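Visitor: Numbering (the numbering used here), first residue to last: 666 to 803.
Just so it is clear, CB atoms sit at the ideal spot from N, CA and C, and this is done for glycine as well.
From a predicted model like this one, the values you see are computed outputs, not experimental measurements.
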């Protein structure tokens, strides 16, 4: 039976494409799907919040491979998408990354999340005012 929150929360319209880009069956990052997502966000930055919602759902999964592919997708999006995406990634969302960095989901997830935090911190070092969540987490 569906939970109370799942009945009333609407799924992201981008959940399917994010699910396929972060599939547990992938041995490596699916760059075709990744660039499809990047192109979608860059064509229509207003979809950033829905895309982040779909990715956040995948990061919350228990399967290590799904979490790692999701973190790799986030890395590519942060580097290649507009500031609308960065704004959609709120401080609350970054607290999730911080929790992953603690290591409760295993050393592979911990390592990937720490690498992502480091890359984002360095990439946005000059944008502390515009994107404080990246630099503060770093």
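Near residue 682, what residues of its chain come up, given a Cβ to Cβ distance below 7 Å and the 5 sequence neighbours on each side ignored?
Guide: The answer, listed in chain order, is 698, 701, 702.
Visitor: Please state if the CB of residue 778 and the CB of residue 749 are separated by a distance shorter than 7 Å.
Guide: No. Outside cutoff.
Visitor: Please classify residue 761: does DSSP put it in a helix, a strand, or coil?
Guide: If DSSP states are grouped into helix, strand and coil, residue 761 belongs with the helices.
Visitor: Output the distance between the C-alpha atoms of residue 667 and residue 722, rounded to the nearest integer angstrom.
Guide: The predicted model places residue 667 with a pLDDT of 45, which falls under 50 and marks its position as unreliable; any figure quoted below should be read in that light. Each residue's alpha carbon lies about 16 Å from the other.
Visitor: Evaluate residue 673 with the Cβ neighbour count: other Cβ atoms within 10 Å of its Cβ, from every protein chain shown; 16 or more gives buried, anything less gives exposed.
Guide: Reliability fails at residue 673, whose pLDDT of 47 lies under 50, so the model's placement of it is uncertain and no value is given.
Visitor: Assuming residue 748 is part of the alpha helix (DSSP H), what are its boundary residues?
Guide: 748-753 is the span of the alpha helix (DSSP H), which, as asked, contains residue 748.
Visitor: Compare the Cα-Cα distances from residue 687 to each of 710, 705, 719, 754 and report the closest residue.
Guide: For the residues 710, 705, 719, 754, the minimum Cα distance to residue 687 belongs to 719.
Visitor: Alpha carbons only, please: which of 685, 745, 736 is nearest the one belonging to residue 773?
Guide: Nearest C-alpha to residue 773: 736.
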